[in-house]
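As structure tokens, the structure follows; a few thoughts come after it.
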Amino acid sequence: MQHSDRRSCVLNNLVVIIAAGLSVGPRCSGVEPITLNAKADGYRGIWYMNQPSNDEYVYKYSGGLGTYCAKHRPFAIYCQQVDKTFFCYGGTTANSHRELLHMVSYFDHKTRTVPRPTILLNKQTNDAHDNPVLSVDDQGYLWIFSTSHGTARPSYIHRSTRPYDINEFQLVPATRVESGQQIPMTNFSYMQAWHRPGEGFLCFFTRYNYPASRTICFMHSRDGIEWSEWQRLAAIDEGHYQISALGRSRAGTMFNYHPKGKGLNWRTNLYYLETRDLGESWQTVDGQSLALPLTEVKNSALVYDYAADGLNVYLKDVRFDEFDHPVLLYITSKGYESGPRNDPRTWTIARWSGTGWSIHPVTTSDNNYDMGELCIESPEDWRIVGPTETGPQPYNPGGEVAMWQSRDGGATWRKLSSLTSGSTMNHTYVRHALNAHPDFYALWADGHGRQPSESNLYFSNRDGVVFVLPRNIKGDAGAAPELVVPR
Numbered sequence: 012m013q014h015s016d017r018r019s020c021v022l023n024n025l026v027v028i029i030a031a032g033l034s035v036g037p038r039c040s041g042v043e044p045i046t047l048n049a050k051a052d053g054y055r056g057i058w059y060m061n062q063p064s065n066d067e068y069v070y071k072y073s074g075g076l077g078t079y080c081a082k083h084r085p086f087a088i089y090c091q092q093v094d095k096t097f098f099c100y101g102g103t104t105a106n107s108h109r110e111l112l113h114m115v116s117y118f119d120h121k122t123r124t125v126p127r128p129t130i131l132l133n134k135q136t137n138d139a140h141d142n143p144v145l146s147v148d149d150q151g152y153l154w155i156f157s158t159s160h161g162t163a164r165p166s167y168i169h170r171s172t173r174p175y176d177i178n179e180f181q182l183v184p185a186t187r188v189e190s191g192q193q194i195p196m197t198n199f200s201y202m203q204a205w206h207r208p209g210e211g212f213l214c215f216f217t218r219y220n221y222p223a224s225r226t227i228c229f230m231h232s233r234d235g236i237e238w239s240e241w242q243r244l245a246a247i248d249e250g251h252y253q254i255s256a257l258g259r260s261r262a263g264t265m266f267n268y269h270p271k272g273k274g275l276n277w278r279t280n281l282y283y284l285e286t287r288d289l290g291e292s293w294q295t296v297d298g299q300s301l302a303l304p305l306t307e308v309k310n311s312a313l314v315y316d317y318a319a320d321g322l323n324v325y326l327k328d329v330r331f332d333e334f335d336h337p338v339l340l341y342i343t344s345k346g347y348e349s350g351p352r353n354d355p356r357t358w359t360i361a362r363w364s365g366t367g368w369s370i371h372p373v374t375t376s377d378n379n380y381d382m383g384e385l386c387i388e389s390p391e392d393w394r395i396v397g398p399t400e401t402g403p404q405p406y407n408p409g410g411e412v413a414m415w416q417s418r419d420g421g422a423t424w425r426k427l428s429s430l431t432s433g434s435t436m437n438h439t440y441v442r443h444a445l446n447a448h449p450d451f452y453a454l455w456a457d458g459h460g461r462q463p464s465e466s467n468l469y470f471s472n473r474d475g476v477v478f479v480l481p482r483n484i485k486g487d488a489g490a491a492p493e494l495v496v497p498r
């Protein structure tokens with residue numbers, strides 16, 4: 012960063028601190044101008060919109076997107092060692108709905124309170140594609156990966172200075188291998204940061220124009236500082252979105268693709284590949300070796316040819332069952348535009364049986380960007396928490412949140428309970444906590460689907476009881492989240 016740019020960054024961050032009434036931590040100095048280590052006085056999520064649609068729905072998608080997007084993972088992690096669920100989100104200042112601040116906090120399961128959240132940095136954008144993700148290493152240090160939407164803005168990695176502590180973070184001088192040399196790693200998109208005990212970080216992410224518009228990649232690091240060479244997983248036509256997860260013996264990713272000449276709003280097909288040796292080799296689900304990157308539409312990683320059905324594919328979640336077989340959750344629809352003409356939006360499960368893929372519908376909802384995640388509690392108890400029910404802004408992203416359950420490995424589903432009802436704004440992007448404690452099961456935000464608005468942060472327990480995080484906290488002590496009573 013040039014000196015003038017660093018000075019501008021410091022001044023902009025000071026303006027944010029003054030405007031939001033934040034207190035500054037001990038490491039907010041000119042040495043690390045991007046790192047604020049400040050305290051916010053409450054929980055406020057960012058409102059974001061993408062692509063005006065010039066119709067009654069106003070935007071292609073929009074709303075309270077503090078836990079956006081599906082390709083960012085994870086947002087929340089339970090740590091048994093301290094009995095806390097740590098989480099991050101895209102926040103904003105007290106006098107703005109749209110200035111993106113990277114926020115870190117936790118829910119204390121002993122006291123059932125949350126502290127004043129830490130504002131890590133001001134991302135200098137209103138784009139929720141730059142939302143952060145969280146990881147926790149073997150020693151309990153918290154890692155925040157500050158993503159970027161494309162190459163126009165820098166990305167950052169921070170680590171907490173103390174284990175299981177959100178009060179102070181330090182910027183990590185991360186490097187990656189390129190042409191045999193370690194070079195600074197300053198840009199990545201759609202980060203999915205997984206930590207495996209004893210093996211380090213396994214990260215799936217996107218690199219723009221590498222060579223496809225959105226090339227999906229993988230990298231590994233033992234210490235979070237020195238990273239491997241970036242592996243290109245697939246670069247078919249205009250590129251891909253991907254969603255990944257760790258199983259007991261593998262790391263796997265599902266992805267779709269953008270057909271050439273149809274624009275990036277068209278995404279179709281469903282693919283899956285995995286590694287069992289930290290990226291040294293890659294295979295299909297049935298063990299066939301793959302030469303990467305994949306560049307052909309028809310390849311052995313293809314799960315289902317949705318292009319032949321004329322359907323778009325919107326990726327939601329990957330989990331692994333009791334056999335360490337992948338289970339994929341996604342939505343199919345007839346097109347990208349909001350509204351009933353592209354119904355049905357079908358929530359769908361694809362499960363590897365050991366010999367083939369079993370594909371089953373779950374339910375339908377009214378927007379491609381309705382987002383929920385899967386939790387496999389046991390072989391007889393699979394659950395999805397998501398905004399599957401119509402909300403106050405129909406056919407905009409989100410809605411009312413429900414919990415669905417399958418007792419037969421995803422073949423059939425029933426609605427177990429409604430978590431919200433009578434809301435004034437749509438609930439969006441429900442994220443399941445990693446290693447979830449029953450008392451902090453899912454995290455999400457709300458917001459108006461058709462105009463800028465305030466956005467609150469919510470979580471639910473496993474029984475479907477919902478709490479809202481406090482927008483304003485007086486003093487330095489923590490506060491108890493407020494119970495939300497369905498109307």
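The working numbering puts the first residue of the sequence shown at 12, with every later residue one more than the last. Glycine is no exception: its CB is placed at the ideal position from the N, C-alpha and C atoms. Here the structure is a predicted model, which means the values were calculated and not measured.
Leaving out five residues before and five after Ser417 in sequence, what residues of the same chain have Cβ atoms less than 7 Å from its Cβ?
Trp393, Thr423, Trp424
Counting only beta-carbon atoms, is Thr359 nearer than 8 Å to chain B?
Note that chain B does not occur in the displayed structure, where there is just one protein chain.
Between Tyr252 and Arg225, is the Cβ-Cβ spacing less than 8 Å?
A contact, by the Cβ cut-off of 8 Å.
Suppose you measure from the CA of Asp487 to the CA of Asp332; what does that come to, to the nearest Å?
43 Å
Just grab the DSSP bridge partners of Asn437 for me.
Gly458
Within a Cβ cutoff of 6 Å, which residues of the same chain sit near Asp66, ignoring the five residues on either side of it in sequence?
none
Quick check: Trp58 and Ser434, are their CB atoms within less than 8 Å of each other?
no
Thinking just about the alpha-carbon of each residue, which of Gln203, Arg243, Trp205, Glu237 is nearest to the one in Tyr221?
Arg243
Using the three-state DSSP reduction, which class does Asp119 fall into: helix, strand or coil?
strand
Can you give me the C-alpha to C-alpha distance between Arg38 and Asn48, rounded to a whole angstrom?
Residue placement at Arg38 cannot be trusted, given a pLDDT of 36 that sits under 50; what the coordinates show is reported in the next sentence. When rounded, the separation of the alpha-carbon atoms in Arg38 and Asn48 is 7 Å.
Considering just the uninterrupted stretch of the beta strand (DSSP E) at Gln193, what are its terminal residues?
From DSSP, the beta strand (DSSP E) with Gln193 extends over 192-195.
Note down the Cα distance separating Leu313 from Leu427, rounded to an integer number of angstroms.
32 Å
Taking the Cβ atom as the reference point for each residue, do Gln404 and Asn379 lie within a distance shorter than 8 Å?
no
What number of angstroms, rounded off, separates the C-alpha of Tyr283 from the C-alpha of Gly263?
7 Å
Tell me whether His140 sits in a helix, a strand or coil according to DSSP, three-state version.
helix
Under a three-way DSSP split, which group does Pro481 fall into?
coil
What are the boundary residues of the beta strand (DSSP E) that includes Asp328?
In this chain, the beta strand (DSSP E) harbouring Asp328 covers 323-331.
Distance between beta carbons of Ala81 and Met382, contact taken as under 8 Å
Right, their Cβ atoms sit about 5 Å apart.
In the DSSP assignment, what are the bridge partners of Gln181?
For Gln181, which the question treats as bridged, DSSP gives the partners Arg170.
Among the residues of its own chain, which have a CB less than 8 Å from the CB of Tyr117, if the five just before and after it don't count?
Lys95, Thr96, Phe97, Phe98, Val125, Pro126, Ile177
Could you tell me the alpha carbon to alpha carbon distance between Phe470 and Gly410, rounded to whole angstroms?
Roughly 15 Å between the two C-alpha positions.
Pro337 - DSSP class collapsed to helix/strand/coil:
strand
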